[in-house]
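Structure first, then comments.
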Amino acid sequence: MLFIIYFILLLLLFKLKRHKQYRSPPGPKGLPIIGNLHQFDNSKPYVYLAELAKTYGPILSLRFGRVPIIVVQSSKIAKEVLHTQDLNFCSRPSMIVFQKLSYGGLDIGFAPYGEYFREIKKISVVYLLSSKRVDSFTPMLQDEVARLMKKINSLSSSSKVINLSELLLGYSSSNICRIAFGKRYEDNEGSRSRFHSLLNEAQALFTAFFFSDYFPYSGWLDKLTGQYSRLDKTFKDLDAFFEEIISDHINPNKSESESDHEDIIDVLLHLKNQRCFEFSMNHIKAISMIIFIAGTDTSAAMVVWAMTELIKNANSLKIVQEELRNAAQKKGEGSIDKTDLANLEYFKAVVKETFRLHPAVPLLAVHESIKKSIIEGYDIQPKTQVYINEWAIGRDPKIWKEPDKFMPERFLESTIDFKGYDFELIPFGAGRRMCPGLNLGVTNIELALANLLIHFDWEIPPGLNRKDIDTDTLPGITMHKKNPLCLMVKPYL
Ligand code: HEM
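For reference, each letter of the sequence shown is one residue, going -4 to 488 in the numbering used here.
Shown next, in the form of structure tokens:
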């Protein structure tokens, strides 16, 4: 008996010692079982987390049910996680929605780190979204810009207020649909609304709460709340959508293909047929799914934010319009293309400043730690979820002077860029999980923004003033402006 008591005491002592040695980042105290779930503000998590950083510092820990979470909110620690120790932090958690919509982790965005991820990421970087491939899409992107300009021109004659947010979402969906699927859904009201409702529902699911992600044996609760059936329905709808697109590509006579270039599905089918990679149809559907979700509305959101800030900051608007119009005039064609934009310093600074203040994906995508690591002297356990608060880094007063002010000038004297090397500005992430769509996203944004500014004069609707143009945001993975940006427009002659 004495021996058993002695053994239990020894075990307790050992546990206590281990517990003492283990040092996790500070954070708000949670409740037993649920942890910090009840405190979390899901409507603007990046603002809530930035507030917590004032008390707990730039790395903090939370717990959602059984899942340990750390949040990183400084460029120095972001560099440690996404660069120095990237290999320890570059996986993704296996969450219910990710697993289902990615056909069991077959896509680029949600595959856990490993051999399959490395292969599929290489395919996306080398074959699907390389700068050479994006260059091959450029005539098509320019055609979409021309259509957008034509549409705005026709609306401008009625001297009504136009909803720029809606027009830009149409522009950016058309780009992705033509590039990825060889189709324009915007032309037909029925297919357009099917496309947008699928996108909305899929994106809403990414922020939906599933008990089973945080509590063991709680799948019955997700059944009870109807979350599983909602997920199943969306998955079936998306699957049918991708099935149709792939069949159209395999059998071009089945329905008229609008594609006059090799789109992403063509490339994937080609790789499959060449047996370069062991691809099933599910692989192709999963990759299409992530391109559809990650690529469609991010660019539109950024152009809306850039136009919002410019209309609120008349001086910046004037400078950037002058720079663009001079360049277009010099060229003599009244318009400019991607290569001309590379030399326009102020315009480039406007784009960077917009990314700094309004990153399209403010918390990046959640990472998961692979093995035990030490960050800033704190122990991080394997399978900890890691959020990087890019929104907070972009507004860190230790890095940026007057951080809440829109001042493109700050980038004129600075070499900081958003390509994943400068951790003060990482709207596309960095390291192994960095966004492979950077080239395409930036081209989409720059072409639309430059042309909107060259061809039109923009004004605040009568009765409103600059202060009335708000910067409120909608909840979701992509940070959209809450209220659509509605402006008066006049063609610039
Ligand atoms: C303004 C435009 C865009 C922004 C700001 C953006 C931002 C991001 C961010 C922050 C991530 C997560 C990085 C991380 O986890 O650390 C990401 C991942 C990803 N993005 Fe983008 N993105 C944009 C456009 C696109 C486009 C146009 C595509 C494809 C057509 C795309 C495809 C992807 C994919 C596949 C991933 C997952 C990468 C991985 O897990 O390894 N993105 N993006």
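Glycine included, every Cβ here is placed at the ideal spot set by N, Cα and C.
Owing to the predicted nature of the structure, the values given are computational and were not obtained by experimental measurement.
Residue i vs residue j beta-carbon contact at 8 angstroms
i      : j      : result
Tyr506 : Trp386 : Residue 506 falls outside the range modelled here, since the chain spans only -4 to 488, and no answer is possible.
Leu420 : Arg351 : yes
Val120 : Pro479 : no
Phe401 : Ala344 : no
Gly60  : Leu26  : no
Val361 : Arg87  : yes
Phe206 : Leu216 : yes
Val298 : Leu305 : no
Ala425 : His78  : yes
Leu47  : Pro20  : no
Cys481 : Pro456 : yes
Leu319 : Ala445 : yes
Leu200 : Val92  : yes
Pro354 : Met483 : no
Asp258 : Gly177 : yes
Lys307 : Ile440 : no
Ala443 : Val66  : no
Contact test: residue i Cβ vs the ligand HEM heavy atom, cutoff 7 angstroms
i      : result
Met429 : yes
Ser119 : yes
Pro422 : yes
Val381 : no
Ser97  : no
Lys414 : no
Ala48  : no
Met135 : no
Met290 : It is Gly, not Met, that sits at residue 290 in the sequence shown. Because some heavy atom of the ligand HEM lies under 7 angstroms away, the Cβ of Gly290 counts as near it: yes.
Leu312 : no
His33  : no
Met297 : yes
Ser294 : yes
Lys378 : no
Val140 : no
Lys116 : yes
Leu200 : no
His191 : no
His362 : yes
Leu435 : yes
Ala490 : No answer is possible for residue 490: it lies beyond the span of the chain, which begins at -4 and ends at 488.
Gly25  : no
Ile440 : yes
Reference residue i, options the options, closest by Cα
i      : options                        : result
Gly492 : Gln316, Ser368, Thr293, Leu312 : As displayed, the chain neither begins before -4 nor continues past 488, which places residue 492 out of reach and without an answer.
Gly99  : Ile285, Ala296, Lys485         : Ile285
Lys267 : Glu110, Ile245, Ile288, Gly290 : Ile245
Leu488 : Leu312, Ser151, Ala197, Gly214 : Ser151
Pro63  : Ile118, Glu304, Ala203, Glu363 : Glu363
Tyr122 : Asp261, Ala197, Asp463         : Asp261
Met276 : Asn308, Ala309, Ile240, Asp463 : Ile240
Lys485 : Lys155, Lys476, Gly214, Glu161 : Lys155
Ile375 : Phe84, Gly104, Gly290          : Phe84
Thr379 : Arg58, Ala203, Lys477, Asn37   : Arg58
Ile72  : Pro398, Leu143, Phe418, Leu194 : Phe418
His256 : Leu339, Asp130, Pro392         : Asp130
Pro211 : Arg461, Ile28, Phe451          : Ile28
Thr303 : Val356, Lys476, Gln324         : Lys476
Phe236 : Ala296, Tyr209, Cys172         : Cys172
Leu143 : Asn321, Ser160, Ser153, Lys127 : Ser160
Trp453 : Ser311, Ala323, Ala295         : Ser311
Arg225 : Ser38, His450, Leu96, Thr50    : Leu96
Neighbourhood of residue i by C-beta distance below 8 angstroms, restricted to the same chain and skipping five residues each side
i      : result
Glu251 : Only weak support is given to the placement of Glu251: the predicted model assigns it a pLDDT of 48, under 50, and the question is left unresolved by the model.
Thr133 : Asp332, Lys333, Thr438
Ala45  : Gln68, Asn384, Trp386, Ala387, Arg390
Lys565 : As displayed, the chain neither begins before -4 nor continues past 488, which places residue 565 out of reach and without an answer.
Gly372 : Arg18
Ser89  : Gly100, Pro107
Glu114 : Phe272
Leu194 : Ser168, Phe287, Ile288, Thr291, Asp292
Lys366 : Asn83, Pro377
Glu110 : none
6 angstroms Cβ shell around residue i - same chain, five flanking residues per side excluded
i      : result
Gln80  : Ser368
Ser186 : Tyr180
His278 : Leu101
Leu433 : Phe423
Neighbourhood of residue i by C-beta distance below 7 angstroms, restricted to the same chain and skipping five residues each side
i      : result
Asp102 : Ala281, Ile282, Met284, Ile285
Lys146 : Leu162
Glu340 : Leu407
Ile448 : It should be pointed out that residue 448 corresponds to Leu in this sequence rather than to Ile. So the list reads Val315, Gln316, Leu319, once near-sequence residues are dropped.
Leu336 : Phe342, Glu441, Ala445
Gly165 : Glu181
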